[in-house]
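Participant: So the sequence shown is numbered by our numbering: it starts at 5 and just counts up by one. Don't be surprised by glycine CBs; every beta carbon is placed ideally from N, CA and C. These figures come from a predicted structure and were not determined experimentally. Take a look at this one; I'll ask things after.
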Amino acid sequence: MNILVTGSRGQLGSELQERSVLCDNHRFFFYDLPDLDITDRYQVESLCRDHDIEVIVNCAAYTAVDKAETDTVLAFKVNRDGPAVLAECAKVRNALLLHLSTDYVFDGTSSTPYRESDPVAPLGVYGRSKWEGEERIRQIAPSYLIIRTSWLYSIYGVNFVKTMLRLGSERPELRVVVDQIGTPTWAADLAAAIMSIIDQHDRDSSYAATFHYSNEGVASWYDFARAVMELGGLPCQVLPIESAEYPQIAPRPKYSIMNKSSIKKEWAIDIPCWRDSLVAMIQHLPKG
Ligand SMILES: NC(=O)c1ccc[n+]([C@@H]2O[C@H](COP(=O)([O-])OP(=O)(O)OC[C@H]3O[C@@H](n4cnc5c(N)ncnc54)[C@H](OP(=O)(O)O)[C@@H]3O)[C@@H](O)[C@H]2O)c1
């Protein structure tokens with residue numbers, strides 16, 4: 005199959021690129037800005053035509069959660085209008101669109117893990133723009149799979165783990181929020197799950213489904229930071245604080261644990277525990 009991966013220089017796109025080297029039954033085409041802007045219909049259509057694309061994996065997104073609060077126009081352009089362009093293109097080509105979304109579509113007031121069918125209520129611009137992107141895809145694409153994920157980190161890009169490792173080597177003490185609960189997700193695990201879904205999907209069927217994927221288990225940002233320090237061998241002390249003591253521009257859900265039983269059952273995916281994956285990620289980091 006010919007597969008286009010957008011946003012290929014981001015965390016997930018880079019993990020997919022690394023994994024694609026081991027996969028010789030598909031042809032992957034990796035693109036990011038400036039060579040492919042997902043909001044540019046002409047660019048998307050001509051590239052899909054030139055490479056005879058059958059599956060689009062959309063890893064492109066505007067992911068700066070706080071900046072999105074003021075950079076609203078661009079956030080909606082990339083996260084809502086971009087997926088609509090990809091969905092139109094998938095429709096023309098009868099291709100499958102596999103799109104990534106976020107736990108930030110929820111408001112965090114649940115006390116049980118969010119199911120795919122639970123009502124959404126995004127708290128900020130990023131979450132709203134991602135939700136509207138999902139909805140455009142549902143309206144337009146004849147065949148789509150939407151995967152919502154959470155707290156993504158990778159050896160690539162800028163993320164919580166890499167920031168904690170840097171700060172932990174510079175400071176004796178760090179204060180980290182303890183009252184936001186979720187599940188960290190190693191982008192390499194998500195990339196493996198996506199590869200497995202691509203391998204298993206039946207190209208003669210059409211799909212219209214939303215799934216949740218994160219690693220297994222539950223953590224606060226404080227738990228996560230402590231684990232990073234411990235596994236990174238850093239003596240930095242992590243102290244718990246409440247969200248009110250660490251004001252951020254965009255509001256975040258206090259609870260964003262997702263129920264993953266659908267993706268596990270439908271696609272026979274084994275999901276590692278977040279802490280085991282963190283160990284593996286830290287081992288993968290370039291030394292020095
Ligand atoms: N990161 C998280 O914690 C998290 C949590 C939940 C869900 N997600 C979702 O998971 C997916 C992958 O996230 P990620 O962390 O891998 O994102 P990322 O590292 O921010 O990568 C996104 C990539 O998309 C590119 N991009 C931005 N605008 C574009 C456009 N108009 N056309 C084409 N490419 C464009 C970015 O380029 P520039 O860097 O040049 O802008 C970047 O290379 C996204 O859908 C995200 O919303 C992420």
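Please determine, among P290, L78, L171 and K264, the residue with the shortest C-alpha to C-alpha distance to L238.
Facilitator: Cα-wise, what sits closest to L238 is L171.
Participant: Let me know if L123 comes out buried or exposed under the rule of 16 or more other beta-carbons within 10 Å of its beta-carbon.
Facilitator: The amino acid at residue 123 is misidentified as Leu; the sequence shows Pro. Its Cβ having fewer than 16 others within 10 Å, P123 is exposed.
Participant: If you run the structure through DSSP and keep just helix, strand and coil, what is M5?
Facilitator: Residue state, collapsed to three classes: coil.
Participant: Taking just the CA atoms, how far does E136 sit from S158?
Facilitator: Their Cα atoms are separated by approximately 26 Å.
Participant: By the three-class DSSP mapping on this structure, what secondary structure does S87 have?
Facilitator: What sits at residue 87 in the sequence shown is Pro, not Ser. Helix at P87.
Participant: Could you tell me if T167 is buried or exposed, where buried requires 16 or more neighbouring beta carbons within 10 angstroms of its beta carbon?
Facilitator: Looking at its Cβ environment, which holds fewer than 16 other Cβ atoms inside 10 Å, T167 is exposed.
Participant: Tell me which residues share the same chain as L8 and place their Cβ nearer than 6 Å to its Cβ, disregarding the 5 neighbours each side in the sequence.
Facilitator: Counting only Cβ-Cβ distances below 6 Å, and skipping sequence neighbours, we find F33, I57 and I60.
Participant: Three-state secondary structure (DSSP) at E92?
Facilitator: DSSP places E92 in helix when its eight states are reduced to three.
Participant: Would you call the segment 114–123 in contact with the segment 89–104, where contact means no fewer than 3 C-beta pairs closer than 8 Å?
Facilitator: No, because fewer than three Cβ pairs between the segment 114–123 and the segment 89–104 fall closer than 8 Å, the two stretches do not touch.
Participant: Which residues does DSSP pair with C277 in a beta bridge?
Facilitator: Bridge partners of C277: E220.
Participant: Relative to the C-alpha of R142, which residue among S154, T187 and K95 is closest?
Facilitator: The option with the nearest alpha carbon to R142 is K95.
Participant: Is there at least one non-hydrogen atom of ligand 1 closer than 8 Å to the beta-carbon of L100?
Facilitator: Not under cutoff, so the answer is no.
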